[in-house]
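Here the structure is laid out as structure tokens; the discussion comes afterwards.
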Amino acid sequence: MALQLRRKTHESVIYIDRDSAPRIIPSGEDFILEDLPIGTRVLYPNPSIKGLPNREAAIRYALNHPHGCDPLFAQLEPGMRVTIAVDDISLPLPPMATPDIRQTILEIVCDMLAGHGVDDVHIIIANSLHRKMTEWEMKRMVGPRVFADYYPDRYYNHDAEWADGLIKIGETRHKDPLVLNRRAAESDLIIYVNINLVPMDGGHKSVAVGLCDYQSLRMHHDPQTIRDSDSYMDPARSALNHKVVKLGKIVDETLNVFHIETAINNRMYGADMDFLLRNEDDFSAFDRMKFEAMRYAMSKLPRQARRKLLHSRPSQYEMIACHAGKTEPVHERIVAKGFEQYAIPIRGQADILITGIPDISPYNVYSILNPLLVQVMALGYHFNFYRNKPLLKHGGVLIINHPCYDEFDHNFHPSYIEFFNRLLPETRDAFTLREKYEQEFANNPSYIEMYRRGNAYHGAHPFFMWYWGENGRQHVGRVIAAGAENAHVPAMLGWERADNLTEAIAMARSYMGNSAQITMLHQPMIGIADME
Amino acid sequence: MAGAAFYDLEGTLVSTNLVHTLSFYAGRQQGLMASFKMSAATFLSLPVFAVTDQYSRKVFNDLYFKRYKGQSEDRLRYFAQDLFEDVIKPAVFPGAYELIEKSRSLGLRQVVITGALDLSVKPLMEHFGITEYVTNRLEFVNGVATGRLLPPVMAAATKASWIRTYTEREGISLSDSYAYTDSMSDLPMLSIVGHPAVINPDMRLRQTALHHDWPILDLK
């Protein structure tokens, strides 16, 4: 490793030296301490941008100074029909400490609507094909006042399988349909309340995806689109984003959408666990004590209790920007603010990329990170956290750290179980899976009922999770699951396994050479490798 | 090859069970005294029904259908429509309509296999628009029920065996077929189809479904 490379290039990029402290690496619900090879480049989350001191004032200012349209109050008339759509529980991660930003916005917006004589107001959770939120989660998200006023008749989850509740609003020039929630589509005004955690969120995706049905969604949630996205965290080079923007144009031509987008900083944890986001070399004695105490307590608990404990710690995100108005100018500003928080300038790709997989994902809130979700976090989210070119070289080795336990949540992920046990042994080819089985799962009456009346992800959702890892799967040479407690889960996913990280690194070096450049994403982190 | 959806009925698509039907008839006997006597007997038999149902569906059926001994066929048929309107129709699970509709839209043959009596099931099948169903049938001699069932008695393994014969005859693929039930006694029926699912299961069936990774539906 050349000295020139080892120098501190950015405050979020650390090179491991002879006297470096061991690093904390998440592995599911556990955190392990590991000495990394000298010269390893470790990426940390950027320092948090300070949150706006007065959230309410910032929201009111945005509503009154929108981009590309009249202020919200000027668009309101007594007797008009308004639908407010909000992001679901997949944002932010982990769920944020109350009051949620959505609660603050909704309280302001609902008061404004009532003040202008607008009574016909529905609040719809734009969950698309995600699981419907439970009553408790819905209350937590919007706060007791809005919940008491609107639930259950006027505050509910979107249902992508309720034929009477959907309506086709148009189609692309390729004849791809766009079917949206009828209540929203037939409203005089749609107000969308968004939280932007990663650059993929928000924009046209909010309405055109969050409120659509399965047939509309599968037109862009397909393996080829994901392959063509380089990466899907980079809107300018994301084929997925380009397709969604085309649908967004239809939405803009047909419906009146007032978009409220917010950007948040990366303060994932409060004082009790914020050491997980910091450079271990800078730990105080108190930080080390907190980590050891946490590790000791966790080691005494069964996995389910550890999971529950981690899920009970709300994130401490703060709002750093709020814009409102027409979707595109609003989204452009929010994405720019997001990159300001997340972009880490990086020079040089890695031969070996290490990423611990923490128990955090958009799809396992209050649930289990099952093998398919481990896959989507590794080859999907973590791999795609780059701009310009991948952090990992083509054909490089991705090392993940996770127990890869064979556990599924029967209420939330029923179709995942069948996908994993029945389909993956037959093929891992995303195109074959889509052609041969996706419709069968999507139309399975049992899965549809569990989605509609329960809290299950849609029957087709595991397919999207598999496609979501498609560009990563095509790019990496090998994936090694370090610390996997069994052999069959990594094998089923097409991965190799190693007992621990040291063994995994040795295996990776045997493929990539002893001088291979090793980079580690210091999870949990939200950061975009901004490649030169 | 086409598939089919096989449904158990009571507890699966409707919240009523066999005892509701018996209670309904018990309260509509000829004369107040007769109604009181049969209602009381039905009520006192509840613990026995509960225990035997856990032990064996066959023993339960033997005991349960004996309660119909001496009932006139005319009377049972006469009250069947009232039974449907007053008891069964309000007890249909809201999700049952969606499940059947979705299943039908996939081109699956809709078949109900139930241990209930044909005369009480017919109006409900017309309501659902299901033409293929198999039920238990009481034996009548001179228009009076003997308290025995005509074979084949639909319970447990018999349902599975009936499904096998039916699918062979109709050229239906078991692998592409679905089965829905709420009862552990229908385990054989769940075991032979490609897409088993349980609906509103009790603890035993829930554990079994979890063990086999079968979908667990709540149609309430």
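Chains A and B are the protein sequences, given in the same order. All you need for the numbering used here is the position in the first sequence, starting with 1, plus 148. All you need for the numbering used here is the position in the second sequence, starting with 1, plus 123. All C-beta atoms in this analysis are idealised placements derived from N, C-alpha and C, irrespective of residue type, glycine included.
- In terms of beta-carbon proximity, residue 569 of chain A lines the interface with chain B, with at least one pair separated by less than 8 Å.
- Residues of chain A with a Cβ closer than 7 Å to the Cβ of residue 296 of chain B do not exist; the shortest Cβ-Cβ separation is about 13 Å.
- Annotation: Cβ neighbours of residue 600 of chain A in chain B (cutoff 9 Å, chain order): 218, 221.
- Looking at the DSSP output, residue 493 of chain A sits in a beta bridge with A/678.
- Non-local beta-carbon contacts of residue 477 of chain A in its own chain, meaning distances under 7 Å to residues more than five positions away in sequence, involve 215, 216 in chain order.
- Bridge pairing for residue 233 of chain B: B/128 [DSSP].
- At a cut-off of 8 Å between C-beta atoms, residue 596 of chain A counts as an interface residue with respect to chain B.
- By the beta-carbon neighbour count (other beta carbons within 10 angstroms, threshold 16), residue 265 of chain B is exposed.
- Segment contact: the region 173 to 187 of chain B against the region 271 to 279 of chain B, three or more CB-CB distances shorter than 8 Å; contact assigned.
- Annotation for residue 439 of chain A: 172, 423 place their beta carbon closer than 7 Å to its own, counting only its chain and skipping 5 residues before and after.
- Ranked by how close their Cα comes to the Cα of residue 505 of chain A, the residues A/471, A/549, A/673, A/634 have A/549 in first place.
- For residue 207 of chain A, the uninterrupted alpha helix (DSSP H) segment begins and ends at 203 to 212.
- Note on geometry: alpha-carbon atoms of residue 563 of chain A and residue 329 of chain A lie some 24 Å from one another.
- Residue state for residue 635 of chain A is assigned as coil, using DSSP reduced to three classes.
- Neighbours of residue 301 of chain B in chain A, taken as residues whose beta carbon is under 9 Å from its own, are 592, 593, 594 in chain order.
- DSSP, reduced to helix, strand and coil, places residue 186 of chain A outside both helices and strands of the structure shown, so it counts as coil.
- Counting along the chain, residue 402 of chain A sits inside the alpha helix (DSSP H) bounded by residues 387 to 402.
- Listed in chain order, the non-local C-beta contacts of residue 586 of chain A below 6 Å within the same chain comprise 608, 611, local neighbours out to five positions each way being set aside.
- Collapsing the DSSP output to three states places residue 499 of chain A in a strand.
- In the pairwise beta carbon analysis, the region 371 to 385 of chain A is classified as touching the region 527 to 544 of chain A: at least three pairs are separated by under 8 Å.
- Proximity of chain A to residue 313 of chain B at the Cβ level (cut-off 8 Å) is not reached, the minimal Cβ distance being about 12 Å.
- Bounds of the beta strand (DSSP E) holding residue 303 of chain B are 301 to 304.
- Taken atom to atom, the span from the alpha-carbon of residue 503 of chain A to that of residue 480 of chain A is near 29 Å.
- Residue-level contact by beta carbon holds for residue 562 of chain A and chain B, with a gap shorter than 8 Å.
- When rounded, the separation of the alpha-carbon atoms in residue 596 of chain A and residue 157 of chain B is 48 Å.
- In the structure shown, the three-state DSSP call for residue 192 of chain B is coil.
- Of the candidates A/678, A/575, A/259, A/409, the residue whose Cα lies closest to the Cα of residue 351 of chain A is A/409.
- Secondary structure note for residue 619 of chain A: its alpha helix (DSSP H) is the uninterrupted segment 618 to 623.
- Distance from the Cα of residue 148 of chain B is smallest, within the candidate group B/328, B/136, B/164, B/331, for B/164.
- Between the region 537 to 546 of chain A and the region 617 to 635 of chain A there are three or more inter-stretch CB-CB distances shorter than 8 Å, so the stretches are counted as touching.
- Taken atom to atom, the span from the alpha-carbon of residue 203 of chain A to that of residue 210 of chain A is near 11 Å.
- Around the CB of residue 159 of chain A, fewer than 16 other CB atoms lie within 10 Å, so the residue is classed as exposed.
- With respect to residue 137 of chain B, residue 214 of chain B sits close: the two C-beta atoms are nearer than 8 Å.
- Listed by position along chain B, the residues whose Cβ is nearer than 8 Å to that of residue 565 of chain A are 336.
- Cβ-Cβ distances below 7 Å link residue 575 of chain A to 581 in the same chain, with the five nearest sequence neighbours on each side left out; the list follows chain order.
- Taking every protein chain shown into account, the CB of residue 194 of chain B has 16 or more other CB atoms within 10 angstroms, so this residue is buried.
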